[in-house]
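When we follow my numbering, the leftmost residue of the sequence shown carries the number 8, and every step to the right adds one. To keep things clear, I will list the structure first and then write my remarks on it.
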Amino acid sequence: MIRVRRSGPLSGTVGVTGAKNSVLKLMAASLLASGRFTIRNVPRIADVRWMGELLERMGATVAHDGDVLTIDVPDTITPEAPYELVERMRASIVVLGPLLGRFGEARVSVPGGDDFGHRPIDMHLKGLEDLGATFTISHGYIEGRADRLRGAGVLLEYPSVGVTENLLMAAVLARGTTVVDNAAREPEIADLAAFLNRMGSGITGAGTSTITVEGVDALHAVEHTVIPDRIEAATYLAAVGMVGGRITVEGARADHMDMLISKLREMGVKLESSPEGLTALAPDRLRSVDVATLPYPGVATDYQPLFMALLAGADGVGIVTENVFGGRFRYIDELVRMGADIRAEGHHAVVRGVGALSGAPVRAPDIRAGAALVVAGLAADGETLIGGAHHVERGYQDLVGNLASLGADVAYA
Ligand code: EPU
């Protein structure tokens with residue numbers, strides 16, 4: 008349980024870890040070659056531990072020392088992702104591409120739904136079928152086969168992050184050229200492509216919506232440093248936006264956060280980027296804006312709960328539109344328990360800023376909503392007790408400690 012009391016203004020400097028949503032895919036990509044991988048700037052979070060467990064279940068050896076992760080991949084592995092691990096972390100689906108690419112077979116549990124509601128994997132399967140894989144689904148498992156994948160043109164119906172990643176990891180060892188159109192453009196995709204290229208693959212265009220992959224016969228193990236976590240950085244910026252103050256987020260890359268920066272500026276936060284990171288100067292109370300989530304470079308869906316918290320306390324009325332995940336408004340009732348004035352209808356929420364929120368016991372349903380409840384608690388009278396803290400720990404190495412170091416009254420209770 009996390010306990011938050013009204014705080015602020017915040018001040019000081021805080022660092023960010025490497026990006027969770029990049030490192031999980033780099034770990035999956037390590038299945039593409041045998042040998043020792045060294046990945047630096049890796050956060051000590053539950054999701055990394057679970058992905059490590061999954062790789063170990065397949066036969067790899069994984070060690071996490073400080074922020075350095077080493078993965079030793081043997082020549083042969085068991086290409087299977089069991090239910091109990093996939094159910095815990097649906098990002099495990101990204102092992103499908105590398106397993107099919109290198110071993111021509113994969114047995115991966117169907118992930119099922121999660122806190123965001125129904126989450127289909129149809130596009131993952133369709134994209135890999137375009138490269139020549141075949142799938143059967145029985146007893147809750149996807150069984151995939153391919154002799155050797157062959158390069159092809161793949162047009163994505165939607166620029167899905169996970170599908171783009173699975174396709175890149177499958178295509179690097181395919182025969183011939185793959186062109187992925189309407190690809191996701193998130194910075195984590197470019198990081199994965201950089202990792203794969205260091206391993207010897209031929210990927211161009213990552214970070215744009217057309218990515219070309221020249222298949223090669225073999226790849227080799229590498230060292231790599233993960234990009235900084237833009238969502239973690241956004242969480243500290245939201246915290247200072249919530250209660251005012253001046254903080255520097257060391258290592259944050261402004262070029263990965265353009266839309267967030269522009270929205271926060273519209274709300275009244277002054278932001279400056281320097282080689283050190285991002286410095287934010289925030290007034291006591293922000294102005295409301297409208298926010299609509301979209302694939303990168305739009306406002307990330309992972310920022311959405313943070314904006315909801317900011318708007319709940321801001322001056323004016325803002326409309327939040329969630330375009331990426333159908334079920335990502337479930338935490339709104341928790342904010343309402345804290346006195347927020349939010350009316351949600353379908354994928355729109357109308358948020359009327361109230362001066363001060365009111366501390367209450369609430370429950371975090373997922374990582375980002377949990378972080379947003381912590382941020383909201385900073386501007387709430389009295390005490391906010393956030394249950395479900397384990398969700399927050401899936402994605403943040405030390406959210407509580409870092410916010411406390413900026414002067415926030417937050418602790419584990
Ligand atoms: N979708 C389909 N069919 C598919 C795949 C996706 O309909 O086969 C839909 C999804 O249901 C969703 C949309 O496409 O409506 C976008 O999903 P996407 O595949 O882009 O998301 P993801 O790869 O499953 C990653 C992050 C999420 C982040 C999203 C969007 C990881 C491990 N997860 O998920 O991060 O919200 O991209 O940017 O990289 C988090 O970190 O807390 C988190 C949830």
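Beta carbons: idealized from backbone N, C-alpha and C, even for Gly.
- Inclusion of Asp-129 in the 7 Å shell around the ligand EPU follows from its C-beta lying nearer than that to a non-hydrogen atom of the ligand.
- In the three-state DSSP reduction, Arg-344 falls in the helix class (H, G or I).
- Inter-residue distance for Val-358 and Tyr-338 is about 14 Å (C-alpha atoms, whole angstroms).
- Per the DSSP secondary-structure output, Ala-88 pairs in a beta bridge with Val-115.
- Taken from the Cβ of Phe-336, every heavy atom of the ligand EPU lies 7 Å or farther away.
- Nearest in C-alpha terms to Gly-360, of all of Asp-348, Ile-268, Pro-50 and Leu-163, is Asp-348.
- For Gly-366 against Ala-387, the beta-carbon gap comes to about 4 Å, under 8 Å, which counts as contact.
- A direct Cα-to-Cα measurement between Ile-128 and Asn-330 gives close to 18 Å.
- Non-local beta-carbon contacts of Ala-307 in its own chain, meaning distances under 6 Å to residues more than five positions away in sequence, are absent.
- Comparing alpha carbon positions, the residue from Ala-418, Gly-333, Met-266 and His-398 closest to Arg-126 is Gly-333.
- Taking 3 residues as the minimum length, the beta strand (DSSP E) runs contained wholly in the segment 313-388 are 324-328, 348-352, 355-359 and 368-370, in order along the chain.
- For the ligand EPU, no non-hydrogen atom lies closer than 7 Å to the CB of Phe-142.
- With a cut-off of 8 Å on Cβ pairs, the segment 68-81 is not in contact with the segment 148-159, counting fewer than three such pairs.
- DSSP, read as helix, strand or coil, puts Val-229 in coil.
- At a Cβ-Cβ threshold of 8 Å, Gly-252 and Gly-408 do not count as neighbours.
- Nearest neighbour of Gly-160 by Cα position, chosen from Thr-219, Pro-194 and Met-206, turns out to be Thr-219.
- With 16 or more other CB atoms across the displayed protein chains lying within 10 angstroms of its CB, Gly-59 is buried.
- In this structure, DSSP gives Phe-202 a helical state, which the three-state scheme calls helix.
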